[in-house]
Amino acid sequence: MKLRAYLGLSERQQNRLAWLMEVTMVGLFFIGLDRGNTGIIVNTAIGIAVAQLPPLLERDYGITMDPGLTLWLTSAVFLHALGTVGVPGSTVNFYRSVWWWDHLTHALSSSVVAGAGYATTRALDRHSESIYLPPKFMFVFLLMFVMAFGVFWEVIEFSLTLAAEAFGSDAVLTQYGLGDTMLDLVFDAAGATVVAIWGTAHLTDVVGILTDSLDGRQSRKSE
Numbered sequence: 692m693k694l695r696a697y698l699g700l701s702e703r704q705q706n707r708l709a710w711l712m713e714v715t716m717v718g719l720f721f722i723g724l725d726r727g728n729t730g731i732i733v734n735t736a737i738g739i740a741v742a743q744l745p746p747l748l749e750r751d752y753g754i755t756m757d758p759g760l761t762l763w764l765t766s767a768v769f770l771h772a773l774g775t776v777g778v779p780g781s782t783v784n785f786y787r788s789v790w791w792w793d794h795l796t797h798a799l800s801s802s803v804v805a806g807a808g809y810a811t812t813r814a815l816d817r818h819s820e821s822i823y824l825p826p827k828f829m830f831v832f833l834l835m836f837v838m839a840f841g842v843f844w845e846v847i848e849f850s851l852t853l854a855a856e857a858f859g860s861d862a863v864l865t866q867y868g869l870g871d872t873m874l875d876l877v878f879d880a881a882g883a884t885v886v887a888i889w890g891t892a893h894l895t896d897v898v899g900i901l902t903d904s905l906d907g908r909q910s911r912k913s914e
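Dropping the structure here:
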């Protein structure tokens, strides 16, 4: 069952919603410019760039993503970008004013990372006869992969916070302490667990496309 079956949205509605999020991020980017806020500018710019991955993959590599997956990816970067801005006119963003916002974005972002990891490793598993990844191993691998990425991300947040304090500038990413870091990793694990359990049902199409792409490249090399 695809994501649109759960949301009750057609493919066209999902595409429109993803497009609306992208346009909104462009608006948030200009809000950052108006405020002279480096954090908003950088985070929204990265979000806009990441949202262009689905059309880029389709154009350059022939990898077509389901509209639901595109919406999933766009939602993750959109909510993160929105969290750095908050309500227009307010001096406090959602990351500071809404206690669960950071946890929501971490869970959603980690599920995207887990989804990318799952699709790639499963495609390699199907493509190469010398690689065999049992389902139980995939479950553990996804958790470890996402947790490692989560730790790396927390180190980046910590480093950027220290750099911002040293130079007296706005922090691009903010680290709120050890307790916040531990909770972030818990929600990272939650996002990875969701993908590990339901990835087979919802990422099969992407895995198939990646496998075909790998097979096609191998065939061209052998000619």
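If you count the sequence shown from 1, position 110 lands on 801 in my numbering, and the numbers rise without skipping.
All C-beta atoms, glycine included, are put in the ideal place defined by N, C-alpha and C.
Keeping to the same chain, check which residues put their C-beta closer than 8 Å to that of residue i; ignore five residues upstream and five downstream.
| i | result |
| --- | --- |
| VAL783 | GLY777 |
Considering only C-alpha positions, which residue in the set the options is nearest to residue i?
| i | options | result |
| --- | --- | --- |
| VAL886 | LEU864, ASP875, PHE836 and GLU856 | PHE836 |
| PRO746 | ASN734, LEU760 and THR729 | LEU760 |
| PHE878 | SER860, GLN705 and GLU845 | GLU845 |
| SER789 | GLY738, VAL803, GLY774 and SER802 | This sequence places Val at residue 789; Ser is not what is there. Per the Cα distances, GLY774. |
| GLY718 | GLY882, ASN734, GLN705 and ALA805 | ASN734 |
| LEU894 | GLY808, ARG726, ALA740 and THR872 | GLY808 |
| HIS771 | THR872, GLY890, THR865 and MET873 | THR865 |
Less than 7 Å between C-beta atoms, sequence neighbours within five positions excluded: which residues of the same chain meet that for residue i?
| i | result |
| --- | --- |
| THR902 | ALA814, ARG817 and HIS818 |
| ALA736 | PHE720 |
| ILE728 | Here the sequence assigns Asn to residue 728, which means Ile is not the residue at that position. Closer than 7 Å at the Cβ level, and outside the excluded window around ASN728, lie ASP861. |
Here's a check: name, in chain order, each residue in its chain whose Cβ is nearer than 6 Å to the Cβ of residue i, leaving out the five neighbours to either side.
| i | result |
| --- | --- |
| LEU748 | ILE754 |
| ALA709 | THR761, LEU762 and THR765 |
| VAL898 | ALA810, ARG813 and ALA814 |
| ALA767 | LEU799, SER800 and VAL803 |
| ALA855 | ALA862 |
Could you give the residue range of the alpha helix (DSSP H) that holds residue i?
| i | result |
| --- | --- |
| ASN784 | Note, ASN784: premise wrong, no alpha helix (DSSP H); not H, not E. |
| PRO826 | 826-858 |
| GLU749 | 744-752 |
| GLN704 | 702-726 |
| GLY777 | Segment: none, GLY777 is in no alpha helix (DSSP H) and carries neither H nor E. |
| ALA862 | Looking at the DSSP string, ALA862 is not in any alpha helix (DSSP H), and its letter there is neither H nor E. |
| SER800 | 792-818 |
Taking all protein chains shown into account, decide if residue i is buried (16 or more other Cβ within 10 angstroms of its Cβ) or exposed.
| i | result |
| --- | --- |
| TYR752 | exposed |
| GLU848 | buried |
| LEU724 | exposed |
| VAL863 | buried |
| GLN743 | exposed |
| GLY870 | exposed |
| ALA938 | For residue 938 there is no data in the structure shown, the boundaries of the chain being 692 and 914. |
| ILE888 | exposed |
| ILE731 | buried |
| GLY806 | buried |
Below 8 Å on the Cβ atoms is my contact criterion, and I expect residue i with residue j to pass it. Report the Cβ-Cβ distance as a whole number of Å.
| i | j | result |
| --- | --- | --- |
| ASP1002 | HIS797 | In the structure displayed, the chain extends from 692 to 914; residue 1002 sits before or after that span and is not available. |
| PHE769 | GLY738 | 6 Å |
| LEU834 | ALA883 | 5 Å |
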